[in-house]
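Beneath this line is the structure, given in structure tokens, with notes to follow.
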């Protein structure tokens with residue numbers, strides 16, 4: 006965990022963005038952490054608790070992006086259908 010430079014865990018966490026995370030990876034992370042809670046992690050360590058909070062926020066952000074993307078795709082397809090000669 007105490008790796009220098011670009012490989013340090015802290016640096017990798019700080020520089021991570023929801024745009025960098027696929028929906029599949031976010032879902033997998035959500036499945037892993039759903040068995041825990043803020044209270045459980047806080048009982049173990051403040052560092053673990055902070056990491057838990059970060060993962061849950063990142064997961065929520067990716068889920069929200071997924072919803073927005075779904076609506077954009079829906080409207081894009083609807084626009085194409087309405088502007089085609091098939092309708």
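Numbering (the numbering used here), first residue to last: 6 to 92.
From the three backbone atoms N, C-alpha and C, an ideal C-beta is built for every residue, glycine too.
Quiz prompt | Terminal residues of the alpha helix (DSSP H) in which residue 25 lies | solution = Looking at the DSSP string, residue 25 is not in any alpha helix (DSSP H), and its letter there is neither H nor E.
Self-check item: Rounded C-alpha distance that separates residue 17 from residue 29
Solution: Those two C-alpha atoms are separated by around 19 Å.
Quiz item: Skipping 5 residues on each side, what residues in its chain have a beta carbon closer than 7 Å to that of residue 116?
Solution: Absent from the model: residue 116. The displayed extent of the chain is 6 to 92, so no value can be given.
Quiz item: What's the gap between the Cα of residue 58 and the Cα of residue 82?
Solution: 36 Å
Quiz item: With a CB to CB cut of under 7 Å and the five nearest residues on each side skipped, what residues in its chain are close to residue 70?
Solution: 23
Quiz prompt | residue 86 versus residue 14 - alpha carbon distance | solution = 47 Å
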